[in-house]
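Engineer:
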Amino acid sequence: RGRQAQLLRSPHCHVEIPRAEQRSVHGERPFTVYLARLHSELGVYPSGESWYELRYSRFWELHAHLRDTHEHLRMPVLPRPRPSWLGNTHPSYVETMRDSMQKYTSRLLLAWVRCYGSVEG
Numbered sequence: 191r192g193r194q195a196q197l198l199r200s201p202h203c204h205v206e207i208p209r210a211e212q213r214s215v216h217g218e219r220p221f222t223v224y225l226a227r228l229h230s231e232l233g234v235y236p237s238g239e240s241w242y243e244l245r246y247s248r249f250w251e252l253h254a255h256l257r258d259t260h261e262h263l264r265m266p267v268l269p270r271p272r273p274s275w276l277g278n279t280h281p282s283y284v285e286t287m288r289d290s291m292q293k294y295t296s297r298l299l300l301a302w303v304r305c306y307g308s309v310e311g
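At position 43 of the sequence shown the residue is numbered 233 (my numbering), and the sequence of numbers has no breaks.
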């Protein structure tokens, strides 16, 4: 796993998604948030002690925006969540999706660097 993660890491920055957590709002179905942090040459964001809490929909919005605005960027495949009626909150499934989202963000950053030469492109 360590070697694969190293191969998927951009030389300029990488996204860390070490865990996912189940959340719920009163009266609604539980949902998953992915805890993410960006490491770059300029620092760690949001900080070394805090995380971005991202739902799947935010990854989908980013993917759709980049696909629509950067026609030369070779987009990696965005993992598709299974429907809630199939049990998408089971801990083993949540971990599988977390790992898939980690790989997706790593591949996306590498694709960006290949297309634009840096993460600042």
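C-beta: ideal position from N, C-alpha, C; glycine also.
Small disclaimer: the values here were computed from a predicted structure and weren't measured.
Thinking C-beta only, is R288 closer than 8 Å to R209?
Structural biologist: As a first step, residue 209 must be located in the sequence shown, where it is residue number 19. As a first step, residue 288 must be located in the sequence shown, where it is residue number 98. It is a contact, given that the beta carbons lie within the stated cut-off.
Engineer: What is the residue span of the beta strand (DSSP E) that E206 lies within?
Structural biologist: As a working mapping, residue 206 is identified with position 16 in the sequence shown. Its beta strand (DSSP E) spans residues 203–213.
Engineer: Count the C-beta pairs between the segment 218–238 and the segment 272–284 that are closer than 8 Å, then say yes if the count reaches three, no if not.
Structural biologist: Pairwise C-beta distances place the segment 218–238 in contact with the segment 272–284, as three or more of them are shorter than 8 Å.
Engineer: Whole alpha helix (DSSP H) runs in the segment 208–267 with 4 or more residues, listed along the chain?
Structural biologist: Scanning the segment 208–267 from its first residue to its last, the whole alpha helix (DSSP H) runs of 4-plus residues come out as 246–259.
Engineer: Compare the beta carbon distance of H204 and S290 with 8 Å and say whether it is the shorter of the two.
Structural biologist: Here residue 204 refers to the residue found at position 14 when the sequence shown is read from its first residue. Here residue 290 refers to the residue found at position 100 when the sequence shown is read from its first residue. Contact flag unset, no.
Engineer: Hey, quick one: how far does the alpha helix (DSSP H) through E299 stretch, first residue to last?
Structural biologist: What you label residue 299 is simply residue 109 of the sequence shown in a count that begins at 1. The sequence as given places Leu at residue 299; Glu does not occur at that position. L299: member of the alpha helix (DSSP H) spanning 281–306, first to last residue.
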